[in-house]
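**Student:** Residue numbers (the UniProt record's numbering): 3 to 353.
Every residue, glycine too, gets a C-beta built ideally from N, C-alpha and C.
Small disclaimer: the values here were computed from a predicted structure and weren't measured.
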Amino acid sequence: QKSQKNILITGGAGFIGSHVVRRFVTAYSNYRIFNLDTLTYAGNLENLKDVEQASNYSFVKGDIVDADFVNNIFSQNTFDGVVHLAAESHVDRSITDPLSFVRTNVLGTVNLLNASLQIAKDNPDFLFYHISTDEVYGSLGKDGFFTEKTAYDPHSPYSASKASSDHFVRAYGETYGLPFVISNCSNNYGPNQFPEKLIPLFINNIIQNKALPVYGDGNYTRDWLFVKDHAKAIDLVFHEGINGETYNIGGFNEWKNIDLTHLLCRLMDKKLGRKEGTSKELISFVKDRPGHDLRYAIDATKINKELGWSPSVTFEEGLEKTIDWYFENQEWLDHVTSGDYLDYYKKQYQA
Ligand code: NAD
Numbered sequence: 003q004k005s006q007k008n009i010l011i012t013g014g015a016g017f018i019g020s021h022v023v024r025r026f027v028t029a030y031s032n033y034r035i036f037n038l039d040t041l042t043y044a045g046n047l048e049n050l051k052d053v054e055q056a057s058n059y060s061f062v063k064g065d066i067v068d069a070d071f072v073n074n075i076f077s078q079n080t081f082d083g084v085v086h087l088a089a090e091s092h093v094d095r096s097i098t099d100p101l102s103f104v105r106t107n108v109l110g111t112v113n114l115l116n117a118s119l120q121i122a123k124d125n126p127d128f129l130f131y132h133i134s135t136d137e138v139y140g141s142l143g144k145d146g147f148f149t150e151k152t153a154y155d156p157h158s159p160y161s162a163s164k165a166s167s168d169h170f171v172r173a174y175g176e177t178y179g180l181p182f183v184i185s186n187c188s189n190n191y192g193p194n195q196f197p198e199k200l201i202p203l204f205i206n207n208i209i210q211n212k213a214l215p216v217y218g219d220g221n222y223t224r225d226w227l228f229v230k231d232h233a234k235a236i237d238l239v240f241h242e243g244i245n246g247e248t249y250n251i252g253g254f255n256e257w258k259n260i261d262l263t264h265l266l267c268r269l270m271d272k273k274l275g276r277k278e279g280t281s282k283e284l285i286s287f288v289k290d291r292p293g294h295d296l297r298y299a300i301d302a303t304k305i306n307k308e309l310g311w312s313p314s315v316t317f318e319e320g321l322e323k324t325i326d327w328y329f330e331n332q333e334w335l336d337h338v339t340s341g342d343y344l345d346y347y348k349k350q351y352q353a
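1. Can you tell me whether Ser340 is buried or exposed, with buried defined as 16 or more other CB within 10 angstroms of its CB?
2. Say whether the stretch 297-307 touches the stretch 244-260, bearing in mind that this needs 3 or more beta-carbon pairs closer than 8 angstroms, one atom from each stretch.
3. Which class does Asp39 belong to by DSSP, given the choice of helix, strand or coil?
4. Could you give the distance in angstroms between the alpha-carbon of Tyr154 and the alpha-carbon of Gly110?
5. Which two residues bound the contiguous beta strand (DSSP E) that contains Pro215?
6. Secondary structure at Arg291, three-state DSSP: helix, strand or coil?
7. Tell me the DSSP bridge mates of Leu142?
8. Does the pairing of the stretch 253-270 with the stretch 210-230 give three or more beta-carbon distances under 8 angstroms?
9. Looking at the unbroken alpha helix (DSSP H) that takes in Phe317, where does it start and where does it end?
10. Could you please give me the residues that DSSP links to Lys4 through a beta bridge?
11. Helix, strand or coil, according to DSSP, for Gly19 in the structure here?
12. Please work out which residues of its chain come closer than 7 angstroms, Cβ to Cβ, to Glu247, disregarding the five sequence neighbours upstream and downstream, and give them in chain order.
13. Between the stretch 326-337 and the stretch 201-216, are three or more C-beta pairs nearer than 8 angstroms?
14. Please determine whether the Cβ atom of residue 396 lies at a distance below 7 angstroms from any heavy atom of ligand 1.
15. Which residues share a DSSP beta bridge with Leu262?
16. Using only CA atoms, which one of Val112, Val104 and Ala88 lies nearest to Ser134?
17. Output yes or no for whether 8 angstroms exceeds the beta carbon distance between Ser163 and Ile97.
18. Just the C-alpha distance for Pro292 and Gln332, rounded to the nearest angstrom, thanks.
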């Protein structure tokens, strides 16, 4: 008989969180999953339609910045673990509104840590798991990889806020003995991603025959990972990760933005039955993002060797699955791109 556990997942209505919630709800019937999310522009319960009726799933609407609310939730439910994904996650938004990133990513995380201390006192098996980004490591030149030992060197308000929250998690481990793990992952893509991020933005724009805004000269390089492979890694780290350890997660899949855009255009031409080269004509180079990091690349050897994780799909397979999903879920796209997002998009790209 597997033991019953109460697991709190924060940010479960967002892109990555929804895949983590679905995975935990369906794979672990002995877990009761609490999804805590305040439903910002990026949070969408439509992402979880297929699991919302599950008997081991509950949604709790609330803001992690509100310490009283957080303490209340923790006093009403004895959690055995926290998987913390709730965050402001978009670099461009962090440049226009850094404080909201400090509030959610730093203060919100510390509120969860404080509440966790109370529970961890009486539960030696408690674990606080912080989901973080490779952007905390700063930027690489042409060579080299980020490892778990790379010194932090964040460049954007977003990465500074995530670096800060990582530091707080480790400090709570050192100072108060709170059991924790952290993972730092590269760029995710896949179903349910809000269309302000590159891949869904470009899929959506190609469908609508709108320009594809590529920053600078398009030579920025990122490592890309299919979101379900990230969720699989999160599941492993949560269950097998060692207290106090950090795990880097990445796809060993580096792409220059411009090459990725060309690949996407080719796959979209195929999907739309258009002549190859049609979508490429939509590419438009736009003014660079300030403080833009040239290259991120993750060395995921540790999680591969120690926990046996590796990505399950190639980039092309993952992209095709993603494109299919956006085609089959036009209604989702219409809902999330109405209202506030349109105003933001117009300001951002002067469209
Ligand atoms: P997202 O923006 O899609 O989702 C964030 C979720 O958090 C949303 O549902 C939102 O409503 C919720 N949220 C925001 N502020 C909140 C608050 N104050 N209280 C409660 N809920 C709040 O983000 P994502 O891309 O799914 O990223 C999830 C996590 O993974 C983040 O911590 C991010 O830093 C990290 N991460 C993301 C990537 C990536 O490529 N997207 C890569 C590595 C790490």
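**Tutor:** If we stick to the structure as given:
1. Here residue 340 refers to the residue found at position 338 when the sequence shown is read from its first residue. So Ser340 ends up on the exposed side.
2. yes
3. As a first step, residue 39 must be located in the sequence shown, where it is residue number 37. Correct three-state label for Asp39: strand.
4. On the sequence shown, residue 154 is found 152 positions in, with the first residue counted as 1. On the sequence shown, residue 110 is found 108 positions in, with the first residue counted as 1. Rounded to the nearest angstrom, the two C-alpha atoms are 21 angstroms apart.
5. Within the sequence shown, numbered from 1, the residue matching residue 215 stands at position 213. Its beta strand (DSSP E) spans residues Leu214 to Tyr217.
6. In the sequence shown, the residue the question calls residue 291 occupies position 289. Note: Arg291 maps to coil in three-state DSSP.
7. Here residue 142 refers to the residue found at position 140 of the sequence shown. In the DSSP output, where bridge partners are listed per residue, Leu142 has Arg297.
8. yes
9. Residue 317 sits at position 315 when you count from the first residue of the sequence shown. Per DSSP, Phe317 belongs to the alpha helix (DSSP H) from Phe317 to Glu330.
10. Locating residue 4 in the sequence shown gives position 2, where the first residue counts as 1. Bridge partners of Lys4 according to DSSP: none are assigned.
11. Here residue 19 refers to the residue found at position 17 when the sequence shown is read from its first residue. The answer is helix: DSSP assigns Gly19 an H, G or I state.
12. As a first step, residue 247 must be located in the sequence shown, where it is residue number 245. These residues qualify, in order along the chain: Val183.
13. yes
14. Residue 396 lies beyond the range of the chain shown here (3 to 353); nothing can be said about it.
15. Indexing the sequence shown from 1 puts residue 262 at position 260. In the DSSP output, where bridge partners are listed per residue, Leu262 has none listed.
16. Within the sequence shown, residue 134 is the residue found at index 132, counting from 1. Cα-wise, what sits closest to Ser134 is Ala88.
17. Walking along the sequence shown from the start, residue 163 turns up at place 161. Walking along the sequence shown from the start, residue 97 turns up at place 95. In this structure, Ile97 does not lie closer than 8 angstroms to Ser163 by Cβ.
18. Taking the sequence shown and counting its residues from 1, one reaches residue 292 at position 290. Taking the sequence shown and counting its residues from 1, one reaches residue 332 at position 330. Answer to the nearest angstrom: the Cα atoms are 32 angstroms apart.
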